[in-house]
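**Q** For the working numbering, count along the sequence shown from 1 and bump the result up by 3. Take this structure, written in structure tokens, and hold onto it; I'll ask about it next.
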Amino acid sequence: MKEVRTRFAPSPTGYLHIGGLRTALYAYLYAKKNGGKFILRIEDTDRERYVPGSVEIIYSTLKDAGLIYDEGPDVGGDYGPYIQSERKNAYLEYAKQLVENGSAYYCFCTKERLEEIHEKGATKYDKHCASLSKEEVEMRLARGDSYVIRQNIPETGSTTYTDMVFGDITVDNKELEDNILIKSDGMPTYNFANVVDDHLMGINYVIRGVEYLSSTPKYNLLYDGLGWERPHYIHLQPIMRDATHKLSKRYGDASYEDFIKKGFLKEAIINYIALLGWSSKDNTEKFSLTELVDKFDLAGVSHSPSIFDEQKMKYINSLYVKEMSEDDFHNYALKFYGDYDYLKGLDLKFLSTLLHSRVEVFTDIGKLTEFLTQFDGYNTELFTNAKWKTDVAVAKAMLPGLIELTEQSFESLHDALIAYGENNGYKKGQVLWVYRIALTGAQSTPGGATEMAELLGKEESLRRLKESLIRL
Ligand code: GLU
């Protein structure tokens, strides 16, 4: 069997969005599953859409996410160059071959003429130049007339191919337009470059968005015209934000980098996006990249669009966070602690142990440590707790004693609090509730009363307890 070669062919138009990354992931998985090669090709022939810096983002995102490409612009390979604009001299020769055998033709129509036919109701190019005589074409080329090269689609019949997800796809040739293959500036269009590049790069499995499903017959006619073997196709349904909108940058934060900034782990991002359009036979949902390589199969690829669900992604992320070692969690959390000045001076290692079981995504750290900045304005109604039968009056009665024991027994605070309850006729839960609220002014905190005191330190704990007493 021939080696499987797949490719990811993004256009450098900005950040790598989740939809693009999913295409890359599936192309990677399919190649690796079959012991083949995964190739990166940059499709930058549309210079107007080019965004500086985006090629570097593509390289770094794929590498960071673990989608290591075997060949590509920055890693080389036997089929380079892997940047389309650097291949521009290759295309014309093939377009001319197509002209020779009637599969394409020179077109000299002016913009004005094209506008005119469209104004008269034409929905596609009217093949005007397909019937120019060879002599006329040669004369006009020699004279230096501006031209494009168009594909010559048969006017009758139909073209069929088998998509590995969607099955047989048949398109009537009359639905297809004689698209431009080579533009007047000599650059190929996507319609032509994807075919030439895929062939020259030995790509035999083309994996891409479903928007290309119905134009693929055109590409197949080009393969046929050039006498090349058609590749296999795997088209993927889009990822939606909701039932009617595609996930896109217009709706914000759909890029890999954004999710990393939001505190998602790369393993979780990859795991979650694998599930956006694919499910495993046994409906398992947690997969490492290596497990995905093993489990991925086309039978599990969905025929309908999938809906991006950030809550679900958070849940998947939380599974990975829980699995982290204490050290790994702490080291990762450090990047996020830096965003909050008020964490300076705290024992962050200890804070990490408190936060570990509560963090779903790392930006939760902000919410979970809010009590550190909101203490001054807290609502004393928080002392009211039906279960523990506490309220402001109970707190007021307890606080002087709690302050005293904090001064005297901070090192053995837990025992001191228990003893205080026993000696004064309070339940343990009552004492701990009052102490924790007086210390933090927050309904929920990343740890219990004594853990919060340990985090804040003796001095700050006393300051807060005294401040609470004044407020009551
Ligand atoms: N450059 C195209 C895109 O970004 C690639 C499509 C394909 O994979 O053939 O949509």
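Note that beta-carbon positions come from the ideal geometry of N, C-alpha and C, so glycine has one too. All values reported here derive from a predicted model rather than from experimental measurement.
#1: Given the structure, does R233 come close to the ligand GLU, in the sense that its CB is under 7 Å from one of the ligand's heavy atoms?
#2: Specify whether the region 215-235 and the region 114-132 touch according to this definition: at least 3 beta carbon pairs, one from each stretch, less than 8 Å apart.
#3: Buried or exposed for M142, please, with buried defined as at least 16 other CB atoms from any protein chain shown within 10 angstroms of its CB.
#4: Is S14 a contact residue of the ligand GLU, with contact defined as CB to any heavy atom under 7 Å?
#5: Does the Cβ-Cβ distance between R153 and L184 come in under 8 Å?
#6: Between which two residues does the alpha helix (DSSP H) holding H333 run?
#7: What's the gap between the Cα of A27 and the Cα of L239?
#8: Return the chain-ordered list of same chain residues with a C-beta closer than 7 Å to the C-beta of N207, the five sequence neighbours on each side being excluded.
#9: Do you know offhand how far A422's Cα is from A398's?
#10: Quickly, what does DSSP pair N388 with across the bridge? List them, please.
#11: Can you tell me the Cα-Cα spacing of R474 and F332, whole angstroms?
#12: Looking at R8 and the ligand GLU, is the gap between the Cβ and the nearest heavy atom below 7 Å?
#13: Can you tell me whether P76 is buried or exposed? The criterion is at least 16 other CB atoms within 10 Å of its CB, across all chains shown.
#14: Report buried or exposed for D181, applying the criterion of at least 16 other Cβ atoms within 10 angstroms of its Cβ.
#15: Do L472 and P403 count as a contact pair if the criterion is CB distance below 8 Å?
#16: If you reduce the DSSP assignment to three classes, tell me which class K469 lands in.
#17: With burial defined as no fewer than 16 other Cβ atoms inside 10 Å of the residue's Cβ, what is the status of E363: buried or exposed?
#18: Closest by CA to Y340, which one among D367, E329, I319 and K315?
#19: May I ask you to verify whether the region 451-469 touches the region 352-360, counting CB pairs closer than 8 Å and requiring at least 3?
#20: How do the region 92-104 and the region 56-71 stand: do at least 3 beta-carbon pairs fall below 8 Å, yes or no?
#21: Would you tell me roughly how many angstroms separate the C-alpha atoms of L117 and A98, rounded to the nearest one?
#22: Going by DSSP in three states, S464 sits in which element: helix, strand or coil?
#23: Per DSSP, which residues does K127 bridge with? Please list them.
#24: Rounded to the nearest angstrom, how far is the Cβ of M167 from that of I272, given a contact under 8 Å?
#25: Could you give the DSSP three-state label for R90: helix, strand or coil?
#26: Kindly identify the DSSP beta-bridge partner or partners of D166.
#27: Hey, would you say T409 sits closer than 8 Å to V395, going by beta carbons?
#28: Under three-state DSSP, which class holds Y323?
#29: Could you check whether the region 98-108 touches the region 78-86, counting it as contact only if at least three pairs of C-beta atoms, one from each stretch, sit closer than 8 Å?
#30: Whole angstroms is fine: what's the gap from T113's alpha carbon to P15's?
#31: Tell me the residue span of the alpha helix (DSSP H) that contains G22.
#32: Between E259 and the ligand GLU, is there a pair consisting of the residue's CB and a ligand heavy atom that are separated by less than 7 Å?
#33: List the DSSP bridge partners of Y275.
**A** From the atom records:
#1: R233 Cβ: outside cutoff for every heavy atom of the ligand GLU.
#2: As far as the Cβ criterion goes, the region 215-235 does not touch the region 114-132, which means the pair count is below three.
#3: Burial call: exposed.
#4: S14 Cβ: within cutoff of the ligand GLU.
#5: Result yes, Cβ atoms of R153 and L184 sit closer than 8 Å.
#6: Boundaries of the alpha helix (DSSP H) around H333: E329 to Y340.
#7: Going by the C-alpha atoms only, they are around 11 Å apart.
#8: Around N207, the same chain offers K5, V7, R8, P234 and H235 as residues with beta carbons nearer than 7 Å, after the five sequence neighbours per side are excluded.
#9: Between the C-alpha atoms of A422 and A398 there is a straight-line separation of about 17 Å.
#10: In DSSP, N388 forms a bridge with T393.
#11: Their Cα atoms are separated by approximately 37 Å.
#12: Shortest gap from the CB of R8 to any heavy atom of the ligand GLU: 7 Å or more.
#13: Buried, since its Cβ has 16 or more Cβ neighbours within 10 Å.
#14: The residue is buried, with at least 16 neighbouring Cβ atoms inside 10 Å.
#15: For P403 and L472, yes; Cβs fall inside 8 Å.
#16: Look at K469 here: in three-state DSSP terms it is helix.
#17: Burial call: buried.
#18: When only C-alpha atoms are compared, the closest one is D367.
#19: Segments in contact, yes.
#20: Touching, no.
#21: Cα to Cα, the separation comes out at about 22 Å.
#22: Residue state, collapsed to three classes: helix.
#23: By DSSP's assignment, K127 forms no beta bridge with any residue.
#24: With a Cβ gap of about 26 Å, M167 and I272 do not count as contacting.
#25: The three-state reading of DSSP puts R90 in helix, counting H, G and I together.
#26: Bridge pairing for D166: G170 and Y236 [DSSP].
#27: The answer is no: Cβ separation not under 8 Å.
#28: Looking at Y323 - three-state DSSP - the assignment turns out to be helix.
#29: Three or more Cβ pairs closer than 8 Å define a contact, and the region 98-108 falls short of that threshold against the region 78-86.
#30: In this structure, the straight-line span from the alpha carbon of T113 to that of P15 is close to 30 Å.
#31: In the DSSP assignment, G22 falls within the alpha helix (DSSP H) that extends over I21 to K36.
#32: Inspection of the sequence shows that residue 259 is occupied by Tyr rather than by Glu. Incorrect: Y259 has no Cβ contact closer than 7 Å to the ligand GLU.
#33: Answer by DSSP bridge pairing: none, since Y275 is not bridged.
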